[in-house]
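**Q**
Numbering (my numbering), first residue to last: 793 to 1149.
1. Apart from the five residues on each side of it in sequence, which residues of its chain come closer than 8 Å, Cβ to Cβ, to residue 1092?
2. Select from 1019, 1008, 1007 the residue whose C-alpha is nearest the C-alpha of residue 981.
3. Could you give the C-beta distance for residue 872 and residue 907, rounded to a whole number, given that I count them as a contact under 8 Å?
4. So, under 8 Å CB-CB, residue 953 and residue 1008 are touching, yes? Tell me the CB distance rounded to an integer number of Å.
5. Of the choices 956, 1114, 1047, 969, whose alpha-carbon is the least far from that of residue 1025?
6. Give me, in chain order, the residues of the same chain whose beta-carbon lies closer than 7 Å to that of residue 999; leave out the 5 immediate sequence neighbours on both sides.
7. Looking only at its own chain, which residues have a Cβ that is under 8 Å from the Cβ of residue 1027, when we skip the five neighbours before and after it?
8. Can you name, in chain order, every residue of its own chain whose Cβ lies under 6 Å from the Cβ of residue 853, other than the five neighbours on each side?
9. When DSSP labels each residue in this structure, what does residue 960 get in the three-state scheme?
10. Select from 1098, 1069, 1031 the residue whose C-alpha is nearest the C-alpha of residue 1112.
11. When you compare the CB positions of residue 883 and residue 835, do they come within less than 8 Å of one another, or not?
12. For residue 984 and residue 972, what's the separation of their Cα atoms in angstroms?
13. Between residue 1086 and residue 1117, how many whole angstroms is the CB-CB distance? I'm expecting something under 8 Å.
14. Report the rounded CA-to-CA distance for residue 1090 versus residue 1043, giving the unit in angstroms.
15. Does the beta-carbon distance from residue 1095 to residue 1120 come in below 8 Å?
16. Is DSSP giving residue 998 helix, strand or coil here?
17. When every heavy atom of the ligand COA is checked, does at least one fall within less than 7 Å of the C-beta of residue 942?
18. Would residue 1016 pass as a contact of residue 969 if the rule is Cβ separation under 8 Å?
19. What residue range does the alpha helix (DSSP H) around residue 912 cover?
20. Distance, Cα to Cα, residue 1057 vs residue 1084?
21. Can the beta-carbon of residue 914 be found closer than 8 Å to that of residue 877?
22. Between which residues of its own chain and residue 813 is the CB-CB distance below 7 Å, once the five residues before and five after are set aside?
23. Among the residues of its own chain, which have a CB less than 8 Å from the CB of residue 891, if the five just before and after it don't count?
Here is the structure:
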C-alpha cells in the first residue's frame, strides 16, 4: 500500500547537521520539553489553515500534533508537509512544547520536514467502514486508534498473567499445537492427515499441563487454542489464547484463591498501565475497579436455587448456559465462583466429591 516516493524537500547533504538531534519516541516526549528532537512516524490526518499546517502524527507508541508554520521552515519542506497523504511516513525536527489542550499534553513545533515514504490510495478513510471491509484490510486496520488500544491492552494482560504466575512459582511449559486426540469433545476439532495418522489442532494444553505438574508441582500453559465452531456468534471463536495453570497437592479453596489473586492482579495492571487505552474504548472503569479479592463463592446447589428464585426453569443436574451465567453474574459486581457441580455435567478429569453424585 505504501511505495517509495522521492521527497522534493529532501534535505541536502550539506544541511544534514540540521537533523543532528536525538531521535525519540512519542511515549517519552515529555522528557524533552523545550528541546529539539527528531520524530519519525506516520500521518493520521492533516488540517490546514493556510500558512499553518496541523499534522496528527503517530509513531506506534502515541499520537501527537505537529505544527508546521510556513515562515519557520523552507518553502520546499512546507510543501512536503502540505502534500503528505494519510499514512505517509515522514520525519521531522521540532521543538517539544507543553500543551494542556492536547490529549497527550504536548505538541511539536516543526522546523524541518522530510518524507520517508508516501502512501498511495490508502483504502481506510475517516468515513465509517463495515466490519467485513475492515477485516479484509486487517493489516491496515490495526493502525487505527481503537485497534491500537485493544492490542496494547491484550499485550498488558498477557504480560501480567505471565508475571504473576512466574512470581508465584509456576513454570511455563509449552504444549503441542498438533495433537493426536481431542480434549474438549470431537465436534469442534480441526483435523488433518499427518504421516497417515489423524492429527488435530489443539483444543487445550490441559492434559499436557497436568502431566507436567506431576514433574514440577506448579506449571502453566499459555498459547493458542483452536475450535472448529459451527456457530458464528460473538461467543464462539475459532482461535483464542488460553492460560491453563496446573498445581499438584492443591485443594479447591486454594485453587480459587490463586484464580482470584491472579485475575485481580491482571486487572489492576491494566487499570494502572493502560488507562488511556481504556478511555479510547470508552470502558466503564467502575466495573474493573470492583474486581478485587475475595470473589463471591456459590455452590452449584445455591446457584440452582437462585436461578429458580428468579423464575428460571432450571433442573438440578443441568449445566449452566449463557443466559443462566448472565443472571448469576448480574447479582454481583465482580466475578463469581460456582463450585461442587454434579459429576454428570463435568469432565472425567474433575475430582469427584465423596458421596455426591
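Glycine is no exception: its CB is placed at the ideal position from the N, C-alpha and C atoms.
No experiment lies behind these values; they were computed from the predicted model shown.
**A** Quick look at the numbers:
1. The residues 1130, 1131, 1132, 1133, 1134, in chain order, have a CB closer than 8 Å to that of residue 1092 in the same chain once the five nearest residues on each side in sequence are set aside.
2. Nearest of 1019, 1008, 1007 to residue 981, Cα basis: 1019.
3. Contact holds; Cβ gap of about 5 Å.
4. 18 Å between Cβ atoms; not a contact.
5. If we check each option's Cα against that of residue 1025, 1114 comes out closest.
6. Within the same chain, residue 999 has close Cβ partners 975.
7. Here the set comprises 1114.
8. Setting aside the 5 residues that flank it on each side, residue 853 is surrounded in the same chain by 817, 818, 819, each with a C-beta closer than 6 Å to its C-beta; the list follows chain order.
9. Residue 960: coil per DSSP, three-state reduction.
10. Nearest option by C-alpha distance: 1098.
11. No, Cβ-Cβ distance for residue 883 and residue 835 is not below 8 Å.
12. If I take the Cα positions, the gap works out to 10 Å.
13. Actually they do not touch by this definition, with Cβ atoms about 20 Å apart.
14. Each residue's Cα considered, the two are about 16 Å apart.
15. The criterion of a C-beta distance shorter than 8 Å is satisfied by residue 1095 and residue 1120.
16. Note: residue 998 maps to helix in three-state DSSP.
17. In terms of ligand content, the structure shown is empty, and the ligand COA therefore cannot be addressed.
18. Yes. Within cutoff.
19. First-last for residue 912: undefined, no H or E at that position.
20. Roughly 8 Å between the two C-alpha positions.
21. The criterion of a C-beta distance shorter than 8 Å is satisfied by residue 914 and residue 877.
22. Only 828, 829, 830, 885 meet the Cβ criterion.
23. The answer, listed in chain order, is 857, 897, 898, 899.
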